[in-house]
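Those sequence lines, one after another, are chains A and B. Counting in my numbering, the first sequence runs from 2 upward without gaps. Counting in my numbering, the second sequence runs from 82 upward without gaps.
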Amino acid sequence: MNDPVWVVVLKAVLIFVILVLYTLFNIWFERRVVARMQHRVGPNVNGPFGLLQSLADGVKLALKEDLVVKAADKLVYVLAPILATIPAFLAWAVIPFGPEVRIPFTDTYTALQLTDLPVGVLYVLAVTSIGVYGIVLAGWSSGSTYALLGGLRSSAQVISYEVAMGLSFVTVFLYAGSMSTSEIVAAQEDLWYFLPLVPSFLIYVVAMVGETNRAPFDLPEAEGELVGGFHTEYSSLKFALFFLAEYVNMVTVSAIATTLFLGGWRAPFGLAQVWEGANDGYWPVLWFLGKTLGFIFLFIWLRGTLPRLRYDQFMTFGWKVLIPAALAWTVAVIVLRKAQQEGQLDRTALLVAAGVAAVVLLATLLLPGRRGDEPAESEPADEPDFDAYAGGYPVPPPQAPHVPTRPWTQTAIAHHARDKEDSDA
Amino acid sequence: MTAFWVLAPFMVLAALGLVLARKAVHAALCLAVVMISLAVLYAAQGAPFLFAVQIVVYTGAIMMLFLFVLMLVGVESAESLAESIPGQRIGAVVVALVFGALGVVGVAQSVTGAVVGVDAANEGGNVEGLAALMFGPYVLAFEATAALLITAVLGAMVLAHRERLGRRLTQREVAEGRLQDYAHHGTHPGQLPTPGVFARHNAVDTPALLPDGSVVETSVPAPLRARDQVRPGDRSEVDAVARELEPGEDPR
Numbered sequence: 002m003n004d005p006v007w008v009v010v011l012k013a014v015l016i017f018v019i020l021v022l023y024t025l026f027n028i029w030f031e032r033r034v035v036a037r038m039q040h041r042v043g044p045n046v047n048g049p050f051g052l053l054q055s056l057a058d059g060v061k062l063a064l065k066e067d068l069v070v071k072a073a074d075k076l077v078y079v080l081a082p083i084l085a086t087i088p089a090f091l092a093w094a095v096i097p098f099g100p101e102v103r104i105p106f107t108d109t110y111t112a113l114q115l116t117d118l119p120v121g122v123l124y125v126l127a128v129t130s131i132g133v134y135g136i137v138l139a140g141w142s143s144g145s146t147y148a149l150l151g152g153l154r155s156s157a158q159v160i161s162y163e164v165a166m167g168l169s170f171v172t173v174f175l176y177a178g179s180m181s182t183s184e185i186v187a188a189q190e191d192l193w194y195f196l197p198l199v200p201s202f203l204i205y206v207v208a209m210v211g212e213t214n215r216a217p218f219d220l221p222e223a224e225g226e227l228v229g230g231f232h233t234e235y236s237s238l239k240f241a242l243f244f245l246a247e248y249v250n251m252v253t254v255s256a257i258a259t260t261l262f263l264g265g266w267r268a269p270f271g272l273a274q275v276w277e278g279a280n281d282g283y284w285p286v287l288w289f290l291g292k293t294l295g296f297i298f299l300f301i302w303l304r305g306t307l308p309r310l311r312y313d314q315f316m317t318f319g320w321k322v323l324i325p326a327a328l329a330w331t332v333a334v335i336v337l338r339k340a341q342q343e344g345q346l347d348r349t350a351l352l353v354a355a356g357v358a359a360v361v362l363l364a365t366l367l368l369p370g371r372r373g374d375e376p377a378e379s380e381p382a383d384e385p386d387f388d389a390y391a392g393g394y395p396v397p398p399p400q401a402p403h404v405p406t407r408p409w410t411q412t413a414i415a416h417h418a419r420d421k422e423d424s425d426a
Numbered sequence: 082m083t084a085f086w087v088l089a090p091f092m093v094l095a096a097l098g099l100v101l102a103r104k105a106v107h108a109a110l111c112l113a114v115v116m117i118s119l120a121v122l123y124a125a126q127g128a129p130f131l132f133a134v135q136i137v138v139y140t141g142a143i144m145m146l147f148l149f150v151l152m153l154v155g156v157e158s159a160e161s162l163a164e165s166i167p168g169q170r171i172g173a174v175v176v177a178l179v180f181g182a183l184g185v186v187g188v189a190q191s192v193t194g195a196v197v198g199v200d201a202a203n204e205g206g207n208v209e210g211l212a213a214l215m216f217g218p219y220v221l222a223f224e225a226t227a228a229l230l231i232t233a234v235l236g237a238m239v240l241a242h243r244e245r246l247g248r249r250l251t252q253r254e255v256a257e258g259r260l261q262d263y264a265h266h267g268t269h270p271g272q273l274p275t276p277g278v279f280a281r282h283n284a285v286d287t288p289a290l291l292p293d294g295s296v297v298e299t300s301v302p303a304p305l306r307a308r309d310q311v312r313p314g315d316r317s318e319v320d321a322v323a324r325e326l327e328p329g330e331d332p333r
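Right under this line is the structure:
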């Protein structure tokens, strides 16, 4: 596509504006949803429904004192937040928001996508990997142990989960026959890929949470262990840039998931059959942003639900579970695709094979786990002579009587019972 | 051509910085600049696939590992200039000269002659054209390279592998071992005392003090003790600070 320069500039500016506004909205959205999950209200004072709260917070953040710590490597310290933010925005150059539309008040037709590369998805992978530099360098240049650990964790995390992520892309490329985002969306006209490629979709969803450093994988900024991780020593606008980059990255991976697995800007199931114009004009932008918002909600839901993983568990999961699973699945898809192309496999055979595989998987889930190390349950419970000092430190015998309820607890129970009687009466 | 003349000065500066930078991390950053600029040049030359791969492989993964090593090995340590392999310097100079000549000849050829054939090569799409070449005429070279890389990866794994001599202790066994230590040697079974409980300082090299003012050795991490980097943190230091705070008055 060859757009005039003013169209390109217009689209670039619009993408920037949309992303910044979407970030402001997402911060508010996250706070409200998490609040609801924790039986709170969340920000509801500034603007309608508290929507302007993030704007107020942003202004406050920008007006704070901009500190440059003494031990920092000045140049890299200033460069790091910029390096983290710019790639986050760059990735959006290849994301299709919608089909070809007419720009209002003109006769110009253009696709709702800044540029269409034949290697669009690889481009996103490449650009986001530059973004990690910002985090690593922030960790190194801060001259603080917490920040260094956060930066190292982040880079190890992104490298590990990028492998699984890339492998889940491969199956989509095989189905779509292209690496261009627009062509992948076009190939999903009949069937969204999350259905035939369920394992890839699941692997991608896990990897994208790991890639964006979000809970339960937010080890680089684990506040319980590392204060703030890589951004411990940052304040004011520099910190705001990291914040912006994290939220934009969240939207980016959500948009990639939408584009690759959920049909991109296409109208949700059945809507296009009922309503002819659902996939025309500017409506697809609504579907696209809606699907993206669904993923954002998933991010928030995870954060509200799951505790943080331990670092070694997280790495074990990535390398020993996710990557082998992704590899095996990719090989399976390649074999299936080849067999289909050669005509040795018709639809019924494929469905039967899928059914058998599902049954086998379910059966393995039901099998008892391998627990060889644990002692058998039927150990004699009563030992004749109990030695309190056997372990080296005095302990009460296992059959010791329970500590009687403390008097003040008894009083509290009595009070409670009385209150209840009063309210019932 | 515009892209080349815009990027070339940056690349030359970054390449010089790579050689001249004092800190290893700065050198690594300069290398990243060179590689990203190279990727952009590929894109400008009509090779989008190479552009993406250049960034993913070099800038993304390899540079990150490089940074890792730099950060962990210790950036501040001065390098030893002793020649470990005899004749290495002369060899390096000769190879550098040959490589430079090769580069000059290659660049000169591509600058003087008109470049043709990009459109023909990209006719069926850049990725498809590359795939047809790589899995067609050059499939053997491709497979051989893959085998070489796998061998290198295996070699790295073998070199970095450490045989576990005993079974890994479970959390329970560790706890029981600590209690046995307590029973036989009287070692405190809990955590080591935290450093810096003394209000003057909370750094790890400031030892904790017992009620009688004596120093608890174990409250300072073992590496610091081994390197003899423990602050005294005894009575005299308290007095010194007290004197600073209230000059002219003896604290005792």
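Each residue gets a CB set at the ideal place from its N, CA and C atoms; glycine is no exception.
>> Starting from A/Ala-112, trace the alpha helix (DSSP H) in both directions and tell me its first and last residue.
In response: For A/Ala-112, no alpha helix (DSSP H) segment is defined; the enclosing uninterrupted segment is the beta strand (DSSP E) at 110 to 113.
> Thinking C-alpha only, which one of A/Phe-300, A/Glu-184, A/Ala-188 is nearest A/Ile-28?
Replying inline: For the residues A/Phe-300, A/Glu-184, A/Ala-188, the minimum Cα distance to A/Ile-28 belongs to A/Phe-300.
>> Just to confirm the assignment, what range does the beta strand (DSSP E) spanning A/Gly-99 have?
In response: 99 to 103
>> Taking CB distances under 8 Å as the criterion, tell me whether B/Val-208 reaches chain A.
In response: B/Val-208 counts as touching chain A.
> Is it right to say A/Ser-155 is buried, meaning 16 or more other beta carbons lie within 10 angstroms of its own, or is it exposed?
Replying inline: buried
> Using CA coordinates, which residue listed in A/Glu-247, A/Phe-318, A/Phe-262, A/Lys-321 is at the minimum distance from A/Leu-20?
Replying inline: A/Glu-247
> Is DSSP giving A/Ala-377 helix, strand or coil here?
Replying inline: Residue confidence for A/Ala-377 is low, a pLDDT of 49 falling below 50, so the modelled location carries little weight and cannot support an answer.
>> Excluding the 5 residues flanking B/Ala-222 on each side, which residues of the same chain have their C-beta closer than 6 Å to its C-beta?
In response: Cβ neighbours of B/Ala-222 beyond the five flanking positions: none.
> When DSSP builds the beta bridges, which residues end up paired with B/Val-296?
Replying inline: Beta-bridge analysis with DSSP links B/Val-296 to B/Leu-290.
> Any Cβ of chain A within less than 8 Å of the Cβ of B/Ala-213?
Replying inline: no
> Which value, in whole angstroms, describes the spacing of the CA atoms of A/Val-46 and A/Ile-16?
Replying inline: 29 Å
>> What does the alpha-carbon distance come out to for the pair A/Val-9 and A/Leu-56?
In response: 28 Å
> Does DSSP put A/Lys-65 in a helix, a strand or coil?
Replying inline: coil
> For A/Ala-268, is the classification buried or exposed, using 16 other Cβ atoms within 10 angstroms of its Cβ as the cut-off for buried?
Replying inline: Buried, since its Cβ has 16 or more Cβ neighbours within 10 Å.
> Closest Cβ-Cβ distance between B/Ser-158 and chain A: below 8 Å?
Replying inline: With a pLDDT of only 49 at B/Ser-158, under the threshold of 50, the placement of this residue in the model should not be trusted, and no figure is reported.
>> Among the candidates A/Thr-111, A/Leu-323, A/Leu-238, A/Ala-258, whose CA atom is the shortest distance from the CA of A/Leu-68?
In response: For the residues A/Thr-111, A/Leu-323, A/Leu-238, A/Ala-258, the minimum Cα distance to A/Leu-68 belongs to A/Leu-238.
> With contact counted as at least three CB pairs below 8 Å, one residue from each stretch, are the segment 127 to 140 of chain B and the segment 117 to 128 of chain A in contact?
Replying inline: yes
> Between the segment 111 to 131 of chain A and chain B, which residues of the former have a C-beta closer than 8 Å to a C-beta of the latter?
Replying inline: Leu-118, Pro-119, Val-120, Leu-123, Tyr-124, Leu-126, Ala-127, Val-128, Ser-130, Ile-131
>> Less than 7 Å between C-beta atoms, sequence neighbours within five positions excluded: which residues of the same chain meet that for A/Lys-12?
In response: Leu-115
> If contact means a Cβ-Cβ distance below 9 Å, which residues of the segment 90 to 118 of chain B contact chain A?
Replying inline: Lys-104, Val-106, His-107, Leu-110, Ala-113, Ile-117
> Hey, how far is the Cα of B/Trp-86 from the Cα of B/Val-137?
Replying inline: 24 Å
>> Let me see if you follow: with CB-CB separation under 8 Å, is B/Val-137 close to chain A or not?
In response: Answer yes: the Cβ-Cβ gap between B/Val-137 and chain A drops below 8 Å somewhere.
> Residues of chain A with CB under 7 Å from B/Tyr-263, in chain order?
Replying inline: Gly-393, Tyr-394
> Hey, how far is the Cα of B/Phe-216 from the Cα of A/Gly-344?
Replying inline: Distance between B/Phe-216 and A/Gly-344, taken at the CA atoms: about 23 Å.
> According to the Cβ coordinates, are A/Trp-266 and A/Val-286 closer than 8 Å?
Replying inline: yes
> Is the shortest distance between the beta-carbon of B/Phe-85 and the beta-carbons of chain A less than 8 Å?
Replying inline: Not an interface residue.
>> Going by DSSP in three states, A/Pro-5 sits in which element: helix, strand or coil?
In response: Under the three-state reduction of DSSP, A/Pro-5 is assigned to coil, being neither helix nor strand.
> Closest Cβ-Cβ distance between A/Trp-320 and chain B: below 8 Å?
Replying inline: no
>> Relative to the C-alpha of A/Pro-97, which candidate in A/Gln-39, A/Ala-391, A/Thr-253 has its C-alpha closest?
In response: Here the closest residue by C-alpha is A/Thr-253.
> By Cβ distance below 7 Å, which residues in the same chain neighbour A/Tyr-23 in space, the five residues on each side in sequence not counted?
Replying inline: Val-252
> What did DSSP end up calling A/Gly-225 once you bin it into helix, strand or coil?
Replying inline: helix
> Assuming A/Ala-326 and A/Ile-204 make a contact with CB atoms under 8 Å, what is their CB distance in whole Å?
Replying inline: The C-beta distance from A/Ala-326 to A/Ile-204 rounds to 7 Å, short enough to meet the 8 Å contact threshold.
>> Quick check for students: name the residue ranges of the alpha helix (DSSP H) that lie wholly in the segment 213 to 274 of chain A, counting only runs of 4 or more.
In response: 224 to 227, 237 to 262
>> Quick check: what's the CA-CA separation for A/Leu-444 versus A/Tyr-394?
In response: Only positions 2 to 426 of chain A appear in this structure, which leaves residue 444 of chain A out of reach.
> Residues in the segment 67 to 99 of chain A with C-beta within 9 Å of chain B's C-beta atoms, listed in sequence order?
Replying inline: Asp-74, Leu-76, Val-77, Leu-80
>> I'd like the span of the alpha helix (DSSP H) that includes B/Met-116, first residue to last.
In response: 105 to 125
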